[in-house]
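Asks: My questions will all concern the structure given below.
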Amino acid sequence: MIIGLIRHFKVNYQKKLFMTSKEFKEWEENYNNSDVIIKDVELMGVMWDKCYSSTLIRAMITAQHVYKENIVHNDLIRETIIDPIFHSDIKLPYWFWAVSGRLAWYFNHKSQEENKKITIEKARQFVDMLLDEAIKEGNNNILIVTHGFFMYSLQKELRKRKFVGKLIYSPKNGLLYMYNKIN
């Protein structure tokens, strides 16, 4: 069995260098609803039996571009939500909000709507469902279009299930990463 992971295409939306906590959340919402920059994706000659996509627009557009059959949309593979670690009307650098939010996620801080435990559980549930459906339907090659930060947890879950592939910490947009099942 081959699992192909693709991070959505690059989003066509700019961020401000400095923003308040409220502006950071507004940026995230706008980013989630923005268009993407379409490019060709090399699918390595694999005949994909099925494609799953996150329900965020950037992943759905990417999936429609790379897979011409029916696409299964699933909330479990949406990007991990990032929240400001605290409320502030003072404008701080974007990187501060992003880094502190991810650190808060890692340590399961109460500021995060979705913490590390939730993300790991989403990845586990998705892989359980994917493998069950693959057995029932006889699918061997499955394509998944998801998001950069969530991909790390998904890769780790696949590796727990004896899939072999390079662990990518910062996946590139619109690039295929393949994982093969070893028995």
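Following UniProt numbering, the numbering of the sequence shown begins with 1 at its first residue and continues without gaps.
Backbone N, C-alpha and C fix where the C-beta goes; we use that ideal spot for every residue, glycine too.
1) Using the Cβ count rule (16 or more neighbours within 10 Å means buried), how would you classify D83?
2) What does the alpha-carbon distance come out to for the pair N108 and T80?
3) Report buried or exposed for N115, applying the criterion of at least 16 other Cβ atoms within 10 angstroms of its Cβ.
4) I6 and L176 - do their beta-carbons sit closer together than 8 Å?
5) If you follow the alpha helix (DSSP H) that L76 is in, where does it begin and where does it stop?
6) Return the CA-CA distance between H65 and G174, expressed in angstroms with no decimal places.
7) Alpha helix (DSSP H) containing Y94: first to last residue?
8) Whose C-beta lies closer than 6 Å to the C-beta of K122 among residues of the same chain, with five residues either side of it excluded?
9) Can you tell me which of N32, F24, T20, N12 puts its alpha carbon nearest to the alpha carbon of T146?
10) Quick check: I3 and F163, are their CB atoms within less than 8 Å of each other?
11) Out of S34, Y106, H73, Y67, point me to the one whose CA is closest to N12's CA.
12) So what's residue 185 in DSSP terms, helix, strand or just coil?
13) Report buried or exposed for V36, applying the criterion of at least 16 other Cβ atoms within 10 angstroms of its Cβ.
14) So, helix, strand or coil for N32, using DSSP?
15) Between the alpha carbons of L92 and E113, how many angstroms are there, rounded?
Replies: Let me spell this out:
1) buried
2) 13 Å
3) buried
4) yes
5) Where L76 is concerned, there is no enclosing alpha helix (DSSP H), given that its DSSP letter is neither H nor E.
6) 10 Å
7) 94-106
8) L76
9) N32
10) yes
11) S34
12) The question about residue 185 has no answer, for the chain in this structure spans 1 to 183.
13) buried
14) helix
15) 21 Å
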